[in-house]
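Take a look at the structure below.
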Amino acid sequence: MRAQITIYVIIGILILLVGLSFLLRSNELEVPSSSEREALQIRVEDCTLQATIDANVAEGIRQETEQDYLATLCNDIRKCGEQYFSFLETRDLIIRRELPTCERKISDKRVVVDLKYPIQIESKNAKTRFDGFTFTLNREQDSFFTTAIAPDNLFIVQFAENTRVYNISGEDTRKVTLRIADKTEFSNESIEPNLAYGILPLNSFISPPAELSIIFSGDKTDMKIGWWNPDTNSWGFLPTVFEGDTAKANISYTAYYSIVEERSGPEDIPLPEEDTTPPPAYTPPPVAPGPDPITPPPVTPPPTPGTQYSGNYLQIYEQVRQEMNGPYALIVNPRCDSALQPQVYCYVGWFSGCGQLGVVCKGDKLSATSPAELNSLFRHEITHSIQQKNGGCPGDFVKGEWGGDYIGQTSYYSFKANGVVYSAAQLASQMISKGCNVEELRNAAFCVPGAHENLVAKGCTLVPGDVAEGLA
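Count the sequence shown with my numbering and you get residues 1248 to 1719, in order.
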């Protein structure tokens, strides 16, 4: 009997101990709980992310601005945190915190922030502590042609369905990488937000064009989306639309982009008045018509007139190049001038006279040419660069120059067919009247493989071999 009583007593003591243990644990788990600590850490991480993005824009990603950067970063983290602490204090929690301290490490791949921010949250029966953490913002983000977003969410590329990205040799790439760069990587100080964004690999074509968006909250006056051309060491400008704090433009080329002030720099050559415009690069001599002269037909309106860009010749070239997907940079090098014939403005391709590949032009000729003429000249020359990329209508000088004049809407050459002298536009009108359409003519002008054969097969050329000679 005593043994049974003893057992009951022992069991009772055990039950009491378990009950006390449960009560103690319950008191320990009163707010702030582990979930409260997780919420605190998430909040501080969010504050640090936004503060890092803002500091990158305000101060750049470079050692020279380290002191100002860290001051801006820590102050923004503190202000963001205080908003959350004010909310917690409404729940009868005691918040003890010290001022945050920040350190930063920069590499080509990432920005690392080491945050020390002692915070203690106390309730009546419990407390939790947060000391800090290490935060990493990657500077690169891969994308497979959908919606590409830079790691800081300020640079967005919207690719169309079935987008193709390829280099000058026609080789496709399976992905692009968005990279955040500091403005000091470019020898030009007109970048407003301290950052530029690269779409890698560089110097590739995007087809169809993609829509680029850059978040920019500063003054929009004279600001445009610009793209960096390392060959000319300058920014080209794109037609830009601002929707609130979002700048938008269509792009067809991989490069570094940023928000850039459209202004004349010290390297710019001032443009003359319109009346100082010299004649075009090639002036066709008068050609007497053959027997039974025929009046050339009226000219069909040009296929796609294209935007008339303004600025100095470097800026105009880059904008036309973007519009047309031109593969070559503009090269203006005085040591190349002597290798060009006196009447020639530009040469397209590999130019052994100065050992460079591109559209090689004489700077003095370009600086004395009006913006309207530069738009036409550059469309003519960029057409030749696209012809070369497409195989170049090899060995056929006439087809090449007809294409340049047709797309550029220039009259640098005359063409004789059946004894009649035509401009490129007049020949195009004849071919359209015989059943070819503008798209087919554009393909032929760019020397797309099989395009000229298609014109012959449709019977819309004048006669076999009708474009007999180009007269310059």
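Here a beta-carbon is modelled for each residue, glycine too, at the ideal position from N, C-alpha and C. None of the values given here were measured: they were computed from a predicted structure.
Contact belief for residue i with residue j at Cβ below 8 Å, rounded distance in angstroms
i, j, result
"L1287", "F1433", "Incorrect: roughly 40 Å between the Cβ atoms, too far for contact."
"Y1560", "L1621", "6 Å"
"T1295", "V1360", "6 Å"
"I1472", "Y1503", "I1472 to Y1503, Cβ: 11 Å. No contact."
"A1619", "Q1555", "7 Å"
"I1324", "R1344", "Incorrect: roughly 11 Å between the Cβ atoms, too far for contact."
"V1507", "S1437", "5 Å"
"G1307", "D1429", "5 Å"
Buried/exposed call for residue i, threshold 16 Cβ in 10 Å
i, result
"E1570", "buried"
"L1613", "buried"
"P1455", "exposed"
"A1779", "The question about residue 1779 has no answer, for the chain in this structure spans 1248 to 1719."
"V1595", "buried"
"V1606", "buried"
"F1402", "buried"
"K1609", "buried"
"R1582", "exposed"
"R1338", "exposed"
"P1513", "Reliability fails at P1513, whose pLDDT of 34 lies under 50, so the model's placement of it is uncertain and the value that follows must be treated cautiously. P1513 is exposed by the Cβ-count criterion."
"I1289", "exposed"
"V1703", "exposed"
"L1346", "exposed"
"F1406", "buried"
"F1644", "exposed"
"E1687", "buried"
Euclidean distance between Cα positions of residue i and residue j
i, j, result
"T1501", "I1453", "7 Å"
"V1412", "T1394", "14 Å"
"I1629", "S1464", "35 Å"
"K1705", "G1682", "7 Å"
"Q1677", "T1708", "8 Å"
"F1625", "V1685", "21 Å"
"I1342", "F1332", "7 Å"
"Q1635", "Y1575", "10 Å"
"P1440", "N1480", "19 Å"
"I1578", "A1672", "29 Å"
"Y1444", "Q1314", "24 Å"
"G1638", "N1414", "15 Å"
"T1616", "G1328", "58 Å"
"E1490", "T1468", "14 Å"
"L1320", "V1304", "11 Å"
"I1427", "E1336", "39 Å"
"T1312", "R1689", "51 Å"
"G1558", "V1404", "26 Å"
"I1300", "D1399", "6 Å"
"L1362", "L1384", "13 Å"
"L1442", "T1410", "27 Å"
"D1611", "V1567", "20 Å"
"A1397", "R1386", "8 Å"
"M1470", "I1368", "47 Å"
"F1334", "E1292", "17 Å"
"S1499", "R1284", "48 Å"
"L1485", "A1298", "30 Å"
"C1593", "C1349", "55 Å"
"Y1587", "D1355", "According to the sequence as given, residue 1587 is Leu; it is not Tyr. Spanning the two alpha carbons is a distance of roughly 42 Å."
"H1631", "N1322", "56 Å"
"D1492", "W1474", "19 Å"
"P1589", "Q1388", "49 Å"
Cutoff 8 Å; reference residue i; Cβ partners in own chain excluding five residues on either side
i, result
"V1216", "Nothing can be reported for residue 1216, as the shown portion of the chain is limited to 1248 through 1719."
"K1646", "C1640, A1691, C1694, H1699 and V1714"
"E1275", "In this prediction, E1275 has a pLDDT of 39, which is less than 50 and means its spatial position is unreliable; nothing more can be read from the coordinates."
"I1563", "Y1556, S1557, P1618, L1621, N1622 and F1625"
7 Å Cβ shell around residue i - same chain, five flanking residues per side excluded
i, result
"S1390", "K1422, V1423 and L1425"
"D1584", "K1609"
"N1476", "G1483, E1565 and A1576"
"G1379", "L1362, K1363 and Y1364"
Contacting residues, own chain, Cβ-Cβ under 6 Å from residue i (five flanking each side not counted)
i, result
"I1633", "F1693"
"F1382", "T1295 and V1360"
"H1627", "G1651, G1655 and T1657"
"K1352", "V1359"
"A1302", "Y1316, T1319 and L1320"
"T1431", "R1309"
"E1509", "D1469, K1471 and F1484"
Please confirm if the region 1441 to 1449 is in contact with the region 1420 to 1430, defined as three or more CB-CB distances below 8 Å between the two stretches.
-> yes
Contact the region 1685 to 1698 vs the region 1649 to 1668: 3+ CB pairs below 8 Å | yes
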